[in-house]
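Since the structure comes first, as C-alpha coordinates, the remarks are kept for the end.
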Amino acid sequence: NIERFLDENGKITVDLFNEQGAIIVPKGKIPPAKIFSMYIYIYKHDHENTIIVSDNISGRSAHDEDRKDFKSQVLKDAGSTAAKTYEKINDDMNSLLQDKLTADKITQAENIIEKSISVDRSLLVNCLQTLRTADQYTAQHSLSVSIIFSHAMEDFSLERRHTDFYNAFQNSHDQINFQKNYLKKYTIGALLHDFGKTVMQSSILKKPGSLSVEEFEQIKKHPLAGVKALKNAGLADKHLLLIVGNHHPAYPVFHHVRNNPLAEICSFIDVYDACRSQRSYKKAFSREQTMHILSYNQKEYGLNPYILEILCRKTFPYFEKTRKY
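Residue numbers (the working numbering): 1 to 325.
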(Lines of atoms letter the chains of each structure in order from A and count residues from 1; the text may use other names and numbers.)
(Lines give C-alpha, C1' and ligand atoms only; values in the text may rest on other atoms or scores of the structure.)
Protein backbone atom coordinates (compact mmCIF):
# COMPACT_ATOMS: atom_id res chain seq x y z
CA ASN A 1 0.00 0.00 0.00
CA ILE A 2 1.89 3.04 -1.28
CA GLU A 3 -0.10 5.37 0.99
CA ARG A 4 2.18 4.46 3.90
CA PHE A 5 4.99 6.33 2.12
CA LEU A 6 3.14 9.66 1.85
CA ASP A 7 3.61 12.58 4.21
CA GLU A 8 0.76 14.79 5.49
CA ASN A 9 0.98 16.93 2.34
CA GLY A 10 0.58 13.96 -0.01
CA LYS A 11 4.25 13.97 -1.04
CA ILE A 12 6.19 10.73 -1.40
CA THR A 13 8.82 10.14 1.29
CA VAL A 14 10.97 7.77 -0.83
CA ASP A 15 12.09 7.61 -4.45
CA LEU A 16 9.80 5.50 -6.65
CA PHE A 17 11.50 3.36 -9.31
CA ASN A 18 10.12 1.42 -12.26
CA GLU A 19 11.15 -2.18 -12.86
CA GLN A 20 14.05 -1.05 -15.06
CA GLY A 21 15.55 0.88 -12.14
CA ALA A 22 14.73 4.41 -13.34
CA ILE A 23 13.24 6.94 -10.94
CA ILE A 24 9.64 7.72 -11.96
CA VAL A 25 8.64 9.84 -8.94
CA PRO A 26 11.42 11.44 -6.88
CA LYS A 27 11.21 11.83 -3.14
CA GLY A 28 9.33 14.99 -2.12
CA LYS A 29 6.96 15.00 -5.12
CA ILE A 30 3.22 14.24 -5.26
CA PRO A 31 2.75 10.96 -7.15
CA PRO A 32 0.19 10.81 -9.99
CA ALA A 33 -3.16 9.16 -9.27
CA LYS A 34 -2.44 6.11 -11.46
CA ILE A 35 0.38 5.07 -9.10
CA PHE A 36 -2.23 4.14 -6.49
CA SER A 37 -3.71 1.40 -8.71
CA MET A 38 -0.38 -0.29 -9.43
CA TYR A 39 1.47 -3.02 -7.62
CA ILE A 40 4.49 -1.99 -5.59
CA TYR A 41 7.41 -4.10 -4.48
CA ILE A 42 9.46 -3.19 -1.42
CA TYR A 43 13.08 -4.34 -1.32
CA LYS A 44 14.35 -3.95 2.21
CA HIS A 45 17.99 -3.06 2.79
CA ASP A 46 19.89 -2.36 5.98
CA HIS A 47 19.26 1.36 5.88
CA GLU A 48 16.31 2.05 3.60
CA ASN A 49 13.55 0.63 1.44
CA THR A 50 13.65 0.59 -2.34
CA ILE A 51 10.15 1.00 -3.75
CA ILE A 52 9.53 -0.40 -7.23
CA VAL A 53 6.24 0.30 -9.01
CA SER A 54 5.02 -2.24 -11.55
CA ASP A 55 2.68 -1.66 -14.50
CA ASN A 56 1.61 -5.28 -14.22
CA ILE A 57 -1.83 -4.85 -12.66
CA SER A 58 -3.52 -7.96 -14.05
CA GLY A 59 -5.57 -10.06 -11.66
CA ARG A 60 -6.70 -8.98 -8.21
CA SER A 61 -5.47 -5.59 -7.03
CA ALA A 62 -3.09 -5.83 -4.11
CA HIS A 63 -4.16 -2.32 -3.18
CA ASP A 64 -7.79 -3.44 -2.89
CA GLU A 65 -6.72 -6.38 -0.74
CA ASP A 66 -4.85 -4.04 1.59
CA ARG A 67 -7.94 -1.86 1.88
CA LYS A 68 -10.16 -4.86 2.59
CA ASP A 69 -7.82 -6.15 5.32
CA PHE A 70 -7.51 -2.69 6.86
CA LYS A 71 -11.28 -2.22 6.90
CA SER A 72 -11.86 -5.59 8.56
CA GLN A 73 -9.27 -4.83 11.23
CA VAL A 74 -10.80 -1.45 12.10
CA LEU A 75 -14.26 -2.93 12.49
CA LYS A 76 -12.86 -5.81 14.53
CA ASP A 77 -11.00 -3.43 16.81
CA ALA A 78 -14.13 -1.31 17.32
CA GLY A 79 -16.09 -4.30 18.63
CA SER A 80 -19.30 -2.32 19.20
CA THR A 81 -22.89 -1.99 18.07
CA ALA A 82 -21.68 0.87 15.89
CA ALA A 83 -19.22 -1.37 14.07
CA LYS A 84 -21.77 -4.16 13.64
CA THR A 85 -24.30 -1.72 12.23
CA TYR A 86 -21.76 0.04 10.02
CA GLU A 87 -21.85 -2.37 7.05
CA LYS A 88 -25.61 -2.02 6.51
CA ILE A 89 -25.52 1.77 6.92
CA ASN A 90 -22.56 2.02 4.55
CA ASP A 91 -24.31 -0.10 1.91
CA ASP A 92 -27.42 2.07 2.18
CA MET A 93 -25.31 5.22 1.93
CA ASN A 94 -23.50 4.05 -1.18
CA SER A 95 -26.84 3.14 -2.75
CA LEU A 96 -28.19 6.60 -1.92
CA LEU A 97 -25.32 8.25 -3.78
CA GLN A 98 -26.01 6.36 -6.99
CA ASP A 99 -27.99 8.05 -9.79
CA LYS A 100 -30.36 10.94 -9.15
CA LEU A 101 -32.27 11.78 -5.99
CA THR A 102 -35.91 10.67 -5.86
CA ALA A 103 -38.68 10.78 -3.26
CA ASP A 104 -37.96 7.12 -2.43
CA LYS A 105 -34.32 7.92 -1.85
CA ILE A 106 -35.24 10.71 0.54
CA THR A 107 -37.09 8.08 2.58
CA GLN A 108 -33.95 5.97 2.39
CA ALA A 109 -31.96 8.95 3.70
CA GLU A 110 -34.33 9.21 6.67
CA ASN A 111 -33.77 5.54 7.45
CA ILE A 112 -30.00 5.99 7.30
CA ILE A 113 -30.27 8.87 9.77
CA GLU A 114 -32.48 6.85 12.12
CA LYS A 115 -30.03 3.93 12.14
CA SER A 116 -26.91 6.04 12.53
CA ILE A 117 -28.12 8.03 15.53
CA SER A 118 -29.53 4.96 17.31
CA VAL A 119 -26.07 3.42 17.84
CA ASP A 120 -22.92 4.66 19.55
CA ARG A 121 -22.57 7.83 17.50
CA SER A 122 -19.13 8.75 18.78
CA LEU A 123 -17.58 5.39 17.97
CA LEU A 124 -19.35 5.16 14.61
CA VAL A 125 -17.88 8.51 13.58
CA ASN A 126 -14.45 7.32 14.68
CA CYS A 127 -14.86 4.20 12.54
CA LEU A 128 -15.86 6.31 9.56
CA GLN A 129 -12.99 8.73 10.02
CA THR A 130 -10.46 5.90 10.09
CA LEU A 131 -11.99 3.83 7.30
CA ARG A 132 -11.81 6.81 4.99
CA THR A 133 -8.23 5.82 4.19
CA ALA A 134 -9.62 2.60 2.75
CA ASP A 135 -13.07 3.34 1.35
CA GLN A 136 -15.14 5.84 -0.58
CA TYR A 137 -14.63 9.27 0.94
CA THR A 138 -17.81 11.14 0.00
CA ALA A 139 -20.19 8.53 1.43
CA GLN A 140 -18.40 8.19 4.74
CA HIS A 141 -17.74 11.89 5.15
CA SER A 142 -21.39 12.73 4.41
CA LEU A 143 -22.64 10.15 6.88
CA SER A 144 -20.19 11.35 9.53
CA VAL A 145 -21.21 15.00 9.07
CA SER A 146 -24.89 14.08 9.44
CA ILE A 147 -24.25 12.14 12.66
CA ILE A 148 -22.29 15.02 14.20
CA PHE A 149 -24.92 17.49 12.92
CA SER A 150 -27.75 15.54 14.59
CA HIS A 151 -25.86 15.59 17.88
CA ALA A 152 -25.14 19.32 17.49
CA MET A 153 -28.83 20.08 17.03
CA GLU A 154 -29.54 18.34 20.32
CA ASP A 155 -26.86 20.47 21.98
CA PHE A 156 -28.30 23.68 20.54
CA SER A 157 -31.80 22.64 21.58
CA LEU A 158 -30.67 22.77 25.21
CA GLU A 159 -29.48 26.35 24.67
CA ARG A 160 -32.85 27.75 23.62
CA ARG A 161 -33.35 29.87 26.74
CA HIS A 162 -30.16 31.86 26.16
CA THR A 163 -30.06 35.24 24.46
CA ASP A 164 -27.20 34.21 22.18
CA PHE A 165 -29.29 31.33 20.90
CA TYR A 166 -32.19 33.66 20.10
CA ASN A 167 -29.89 36.03 18.24
CA ALA A 168 -28.39 33.22 16.21
CA PHE A 169 -31.50 31.21 15.39
CA GLN A 170 -34.47 33.56 15.50
CA ASN A 171 -33.54 37.21 15.55
CA SER A 172 -32.53 37.56 11.89
CA HIS A 173 -34.10 34.43 10.41
CA ASP A 174 -37.37 32.57 10.25
CA GLN A 175 -37.75 30.42 13.32
CA ILE A 176 -36.03 27.06 13.11
CA ASN A 177 -38.20 24.31 14.52
CA PHE A 178 -36.58 21.89 16.96
CA GLN A 179 -39.32 19.26 16.85
CA LYS A 180 -38.08 15.79 15.91
CA ASN A 181 -39.52 15.66 12.39
CA TYR A 182 -37.97 19.02 11.53
CA LEU A 183 -34.59 18.03 12.94
CA LYS A 184 -34.68 14.89 10.81
CA LYS A 185 -35.30 17.04 7.74
CA TYR A 186 -32.43 19.38 8.56
CA THR A 187 -30.17 16.37 9.11
CA ILE A 188 -31.04 15.13 5.62
CA GLY A 189 -29.53 18.41 4.42
CA ALA A 190 -26.32 17.58 6.31
CA LEU A 191 -26.34 14.01 4.98
CA LEU A 192 -26.68 15.28 1.39
CA HIS A 193 -24.53 18.41 1.71
CA ASP A 194 -21.97 16.99 -0.74
CA PHE A 195 -24.42 15.18 -3.01
CA GLY A 196 -23.44 17.52 -5.84
CA LYS A 197 -20.01 15.85 -5.85
CA THR A 198 -21.60 12.73 -7.31
CA VAL A 199 -21.70 14.52 -10.68
CA MET A 200 -18.07 15.67 -10.43
CA GLN A 201 -15.23 13.93 -12.24
CA SER A 202 -13.82 11.08 -10.17
CA SER A 203 -10.28 12.01 -11.17
CA ILE A 204 -10.73 15.42 -9.52
CA LEU A 205 -12.36 14.10 -6.34
CA LYS A 206 -9.67 11.45 -5.81
CA LYS A 207 -6.70 13.54 -6.87
CA PRO A 208 -3.95 13.51 -4.22
CA GLY A 209 -2.47 16.90 -3.42
CA SER A 210 -3.54 20.33 -4.63
CA LEU A 211 -6.12 20.95 -7.35
CA SER A 212 -5.41 23.14 -10.35
CA VAL A 213 -7.35 26.41 -10.73
CA GLU A 214 -9.61 24.79 -13.34
CA GLU A 215 -10.25 21.72 -11.16
CA PHE A 216 -11.10 23.86 -8.14
CA GLU A 217 -13.59 25.84 -10.24
CA GLN A 218 -15.34 22.57 -10.98
CA ILE A 219 -15.40 21.56 -7.30
CA LYS A 220 -16.95 24.91 -6.39
CA LYS A 221 -20.03 23.96 -8.42
CA HIS A 222 -21.00 21.01 -6.23
CA PRO A 223 -23.22 22.99 -3.78
CA LEU A 224 -25.32 24.28 -6.69
CA ALA A 225 -25.51 20.78 -8.19
CA GLY A 226 -26.69 19.49 -4.82
CA VAL A 227 -29.41 22.15 -4.55
CA LYS A 228 -30.67 21.27 -8.03
CA ALA A 229 -30.78 17.57 -7.11
CA LEU A 230 -32.84 18.31 -3.98
CA LYS A 231 -35.27 20.50 -5.89
CA ASN A 232 -35.67 17.84 -8.58
CA ALA A 233 -36.50 15.34 -5.82
CA GLY A 234 -39.31 17.61 -4.64
CA LEU A 235 -37.61 19.07 -1.56
CA ALA A 236 -38.38 22.77 -1.29
CA ASP A 237 -37.67 23.52 2.38
CA LYS A 238 -35.50 26.62 2.32
CA HIS A 239 -33.47 25.67 5.42
CA LEU A 240 -32.57 22.31 3.89
CA LEU A 241 -31.62 23.95 0.59
CA LEU A 242 -29.54 26.55 2.45
CA ILE A 243 -27.61 23.83 4.27
CA VAL A 244 -26.64 22.23 0.97
CA GLY A 245 -26.16 25.45 -0.98
CA ASN A 246 -24.26 27.47 1.62
CA HIS A 247 -22.17 24.92 3.50
CA HIS A 248 -19.10 26.49 1.85
CA PRO A 249 -19.16 30.14 2.94
CA ALA A 250 -16.39 30.97 0.45
CA TYR A 251 -18.68 30.20 -2.49
CA PRO A 252 -22.35 30.16 -1.37
CA VAL A 253 -25.23 29.44 -3.73
CA PHE A 254 -27.63 31.79 -1.95
CA HIS A 255 -25.65 35.04 -1.72
CA HIS A 256 -28.54 36.99 -0.18
CA VAL A 257 -28.73 34.63 2.84
CA ARG A 258 -25.14 34.18 3.92
CA ASN A 259 -25.63 33.60 7.65
CA ASN A 260 -28.16 30.84 8.02
CA PRO A 261 -27.31 29.13 11.34
CA LEU A 262 -27.99 25.61 10.05
CA ALA A 263 -25.67 26.17 7.08
CA GLU A 264 -23.01 27.54 9.43
CA ILE A 265 -23.29 24.52 11.72
CA CYS A 266 -22.89 22.21 8.73
CA SER A 267 -19.96 24.28 7.47
CA PHE A 268 -18.06 24.03 10.76
CA ILE A 269 -18.78 20.29 11.04
CA ASP A 270 -17.76 19.76 7.43
CA VAL A 271 -14.33 21.27 8.17
CA TYR A 272 -13.99 19.52 11.53
CA ASP A 273 -14.71 16.08 10.11
CA ALA A 274 -12.40 16.59 7.12
CA CYS A 275 -9.56 17.79 9.35
CA ARG A 276 -9.86 15.02 11.92
CA SER A 277 -9.85 12.28 9.26
CA GLN A 278 -6.82 10.82 7.58
CA ARG A 279 -6.84 10.34 3.82
CA SER A 280 -4.60 8.48 1.43
CA TYR A 281 -2.56 11.67 1.00
CA LYS A 282 -2.65 13.22 4.49
CA LYS A 283 -2.66 12.37 8.17
CA ALA A 284 -5.47 13.53 10.41
CA PHE A 285 -4.87 17.02 11.76
CA SER A 286 -4.48 17.32 15.52
CA ARG A 287 -7.34 18.67 17.59
CA GLU A 288 -5.37 21.89 18.13
CA GLN A 289 -4.74 22.35 14.39
CA THR A 290 -8.41 21.70 13.67
CA MET A 291 -9.59 24.24 16.24
CA HIS A 292 -7.22 26.82 14.76
CA ILE A 293 -8.63 26.26 11.27
CA LEU A 294 -12.22 26.51 12.54
CA SER A 295 -11.44 29.76 14.34
CA TYR A 296 -9.79 31.16 11.23
CA ASN A 297 -12.83 30.26 9.10
CA GLN A 298 -15.19 31.86 11.60
CA LYS A 299 -13.33 35.17 11.43
CA GLU A 300 -12.54 35.03 7.70
CA TYR A 301 -16.15 34.48 6.62
CA GLY A 302 -17.96 36.34 9.41
CA LEU A 303 -19.64 33.23 10.83
CA ASN A 304 -21.44 33.34 14.16
CA PRO A 305 -18.92 32.96 17.04
CA TYR A 306 -21.65 31.62 19.34
CA ILE A 307 -22.30 28.69 17.00
CA LEU A 308 -18.62 27.76 16.94
CA GLU A 309 -18.38 28.19 20.71
CA ILE A 310 -21.18 25.68 21.35
CA LEU A 311 -19.75 23.19 18.86
CA CYS A 312 -16.29 23.42 20.43
CA ARG A 313 -17.59 23.31 24.01
CA LYS A 314 -20.26 20.64 23.65
CA THR A 315 -20.48 18.80 20.35
CA PHE A 316 -16.90 18.16 19.26
CA PRO A 317 -15.67 17.03 22.71
CA TYR A 318 -18.31 14.27 22.64
CA PHE A 319 -16.73 12.88 19.48
CA GLU A 320 -13.21 13.34 20.80
CA LYS A 321 -13.57 11.59 24.16
CA THR A 322 -13.75 8.05 22.76
CA ARG A 323 -11.55 8.69 19.75
CA LYS A 324 -9.29 5.69 19.25
CA TYR A 325 -7.86 6.20 15.80
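Even glycine gets a Cβ: it sits at the ideal position worked out from N, Cα and C.
- With respect to the C-alpha of A233, the residue from G10, L96 and T13 having the closest C-alpha is L96.
- Rounded to the nearest angstrom, the gap between the Cα atoms of N90 and T102 is 19 Å.
- Under the criterion of beta carbons closer than 8 Å, F149 and I12 do not qualify as touching, at roughly 36 Å.
- Rounded to the nearest whole angstrom, the CA to CA distance from L191 to S267 is 12 Å.
- Measuring C-alpha to C-alpha distances from K34 to each of S203, H222 and Q298 identifies S203 as the nearest.
- For I148, the uninterrupted alpha helix (DSSP H) run begins and ends at Y137 to S157, by DSSP.
- When the five nearest sequence neighbours on each side are left out, the beta carbons in the same chain lying within less than 7 Å of the beta carbon of P252 are those of G245, N246 and R258, in order along the chain.
- The residues D155, in chain order, have a CB closer than 7 Å to that of K314 in the same chain once the five nearest residues on each side in sequence are set aside.
- Contact check between the region 220 to 235 and the region 272 to 279: fewer than three CB pairs, one atom from each, fall below 8 Å, which does not count as touching.
- Of the candidates D99, E300, D194 and I2, the residue whose Cα lies closest to the Cα of Y137 is D194.
- In the assembly as shown, G28 is an exposed residue. Its beta-carbon has fewer than 16 other beta-carbons within 10 Å.
- DSSP places I269 inside the alpha helix (DSSP H), whose first and last residues are P261 to C275.
- With a 10 Å radius around the Cβ and a threshold of 16 neighbouring Cβ atoms, A229 comes out buried.
- Taking the CA atoms as reference points, E159 sits about 20 Å from S146.
- When rounded, the separation of the alpha-carbon atoms in I30 and Q278 is 17 Å.
- Taking C-beta atoms under 8 Å as the contact rule, K184 and E110 qualify, at a distance of about 6 Å.
- Rounded to whole angstroms, V119 and L143 show a C-alpha spacing of 13 Å.
- When DSSP states are grouped into helix, strand and coil, V25 belongs to the strand group.
- Ranked by Cα distance from I112, the options H239, L311, E309 and K88 are led by K88.
- Between L242 and A225 the beta-carbon gap is near 15 Å, outside 8 Å, which marks them as no contact.
- For F17, the three-state secondary structure derived from DSSP is strand.
- The C-alpha of V14 lies about 15 Å from the C-alpha of F36.
- Under the DSSP assignment, K34 falls outside any alpha helix (DSSP H); it carries neither an H nor an E label.
- Taken through DSSP and simplified to helix, strand or coil, R287 comes out as helix.
- By alpha-carbon distance to L211, the top candidate from D99, T187, A139 and N9 is N9.
- Checking the DSSP bridge columns, you'll see I12 partnered with L6.
- With contacts defined as CB atoms closer than 9 Å, P249 and L303 qualify as a contacting pair.
- Counting along the chain, D120 sits inside no alpha helix (DSSP H), nor does DSSP assign it H or E at all.
- K197 sits buried, since 16 or more C-beta atoms from the chains shown fall within 10 Å of its C-beta.
- Considering only S157, K299, D99 and K283, the residue with the shortest C-alpha distance to M200 is D99.
- The alpha carbon of D7 has as its nearest neighbour, out of H255, K238 and A284, the alpha carbon of A284.
- Of the residues H256, A168, I117 and C127, the one whose Cα lies closest to the Cα of R276 is C127.
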